[in-house]
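Below you'll find the structure, written out as structure tokens, and then a few comments.
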Amino acid sequence: MTVVTSYPGIYIQEDASPALSVSQLATAVPLFCMNEDFGTSVIRFSSYLDMAQFFDGKPNFEDVSVSGLRAYFESGGGPCYAVSFESVVQAANLWRDSITLVVANGHDISTSVGSLTDPAASLFVVLDGPSTEITDEKQADGYTATPYAAVYYPWLTVAWSKTDIPPSAVMAGLYCKNDRSRGVWKAPANLALPGGYTPKFMVNDDLQGMYNTGRAINMIRTFNDTESLVWGARTLEDSDYWRYVSVRRLFNSVERDVRSSMNSMVFEPNTPPTWEKVRSAINSYLHGLWQQGGLAGASDEEAYVVQIGEGVTMSKDEIKQGKMKVLVGLAAARPAEFIILQFTQNMA
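For the sequence shown, the working numbering gives the first residue as 527, with consecutive numbering after it.
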């Protein structure tokens, strides 16, 4: 609206249309599975000290779940949540806006993986490999094929714990550390375990080769008596697009960020000015991601594409029904080869 000036002075013009921007949310906030006696209430821990105080200053390191939490913080983990493993599916649904990872933490949650890896949740599940030594290819058969989960082996030992440490707990901490220092798009591999942590069993090249395809199991290895390293970054789906943990987690992050920003467009008119506002905000967000090195491509045109509009992503009927659809293509591995995401926002 144009302000009509009739006298000298300061005039104020208010714009009631909401500004839109896409912000980068936290990428690594785990929900830990605990023993059944932990209870069904979700507890947030901001640090190891916070966790120790919850247990009255005397954490029981004969409990694999408690040892896993300490290992997580010692591996670089930040704020996290915890709940009894029996309640993890319900907790993940209720807290899906706050968490990005679900960590098995020594518990068998194989029957829950299907529910936890619902694409709409944009969660990633970190699982433990067998606690015993493996020698053949059959051990991977018990894991559900999904791009939303990864398995790590072997379990770990450390002097202060009276039980073996589940590798999923340490990996969750390394995910946090890797995301902070390098970005969620960088593979969480070739990362050193914190001091004092060692694999319980040795892994050689032949064994790793058996588990490096199909439903992969990512190995933690020690080379020539040096530090122990994470030596794998594959999901449980061996497909061209979703083979790698970093690609799936990057897309999870983008989905959450874009979906969160689009929620602010509810009740806005489903018209070209709104579409341009959405396109511009997503474009700016992805340009920043590309500049950080999160997307492949020598130019932004090679790295991503954003499409929205009548006859492009929406029909007239869909517009009348109050549906706004956006197509986002990202080059996560190879320039100009886009993996397509579709976002639908009900405007009314």
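For glycine and all other residues, C-beta sits at the position ideal for the given N, C-alpha and C.
The model shown is predicted, which means the values in this text are computed figures rather than measured ones.
Item to check | Of the residues D751, D662 and E659, the one placed nearest G722, counting alpha carbons only | outcome: D751
Item to check | Environment of M850 [buried if 16+ CB atoms lie within 10 Å] | outcome: buried
Checklist entry - Secondary structure at V568, three-state DSSP: helix, strand or coil? => result V568: coil per DSSP, three-state reduction.
Checklist entry - With which residues is F650 paired in a DSSP beta bridge? => result L627
Item to check | Sequence-distant residues of its chain with Cβ nearer than 7 Å to E659 (five each side left out) | outcome: F727
Item to check | Backbone secondary structure at I866 - three-state DSSP | outcome: strand
Checklist entry - Going straight from the alpha carbon of P556 to that of C606, what length do you get? => result 5 Å
Checklist entry - Starting from N619 and walking both ways along the alpha helix (DSSP H), at which residues does that stretch end? => result V614 to L620
Item to check | Reduced DSSP category for Y598 - H, G, I as helix; E, B as strand; rest coil | outcome: Residue state, collapsed to three classes: helix.
Next on the checklist: Taking the beta carbon of E763 as the centre, do at least 16 other beta carbons fall within 10 Å, making it buried, or is it exposed?
Outcome noted: buried
Item to check | Presumed contact (8 Å Cβ cut-off) between Q833 and L812, rounded CB distance | outcome: At roughly 12 Å, the Cβ-Cβ gap does not stay under 8 Å, so Q833 and L812 are not in contact.
Item to check | Complete runs of the beta strand (DSSP E) confined to the stretch 664-738 [at least 3 residues] | outcome: 675-679
Checklist entry - With a CB to CB cut of under 7 Å and the five nearest residues on each side skipped, what residues in its chain are close to F864? => result V831, G855, L856 and A857
Next on the checklist: Judging by CA-CA distance, which residue of L815, D644, S790 and G820 is the nearest neighbour of Q871?
Outcome noted: Of the listed residues, the one whose Cα sits closest to Q871 is S790.
Checklist entry - For V696, which option in L546, M873 and N631 has the closest C-alpha, if you only look at C-alpha atoms? => result N631
Checklist entry - If you draw a straight line from the C-alpha of Y674 to the C-alpha of L653, how long is it? => result 11 Å
Next on the checklist: Using beta carbons (cut-off 8 Å, strictly below), is L733 in contact with chain C?
Outcome noted: Going by chain labels, chain C is absent from the structure shown, which holds only one protein chain.
Checklist entry - Do N704 and L717 have their C-beta atoms within less than 8 Å of each other? => result yes
Checklist entry - So what does DSSP say about N809, is it helix, strand or coil? => result helix
Checklist entry - Around the Cβ of L575, are there at least 16 other Cβ atoms within 10 angstroms (buried) or fewer (exposed)? => result exposed
Checklist entry - Exposed or buried, what is L776 when buried is set at 16 or more other beta-carbons lying within 10 Å of its beta-carbon? => result buried
Checklist entry - Helix, strand or coil: which one does DSSP assign to T800? => result helix
Next on the checklist: If I follow the unbroken alpha helix (DSSP H) through N778, where does it start and stop?
Outcome noted: From DSSP, the alpha helix (DSSP H) with N778 extends over V771 to M788.
Next on the checklist: Can you find the residues in the same chain that come closer than 6 Å, C-beta to C-beta, to D667, ignoring five residues on each side of it along the sequence?
Outcome noted: Contacts found: none.
Next on the checklist: On the CB-based measure, 16 or more other CB atoms within 10 Å of its CB, does T672 come out buried or exposed?
Outcome noted: buried
Checklist entry - If you follow the alpha helix (DSSP H) that K842 is part of, which residue opens it and which one closes it? => result K842 to K846
Item to check | Contact the stretch 590-598 vs the stretch 565-582: 3+ CB pairs below 8 Å | outcome: yes
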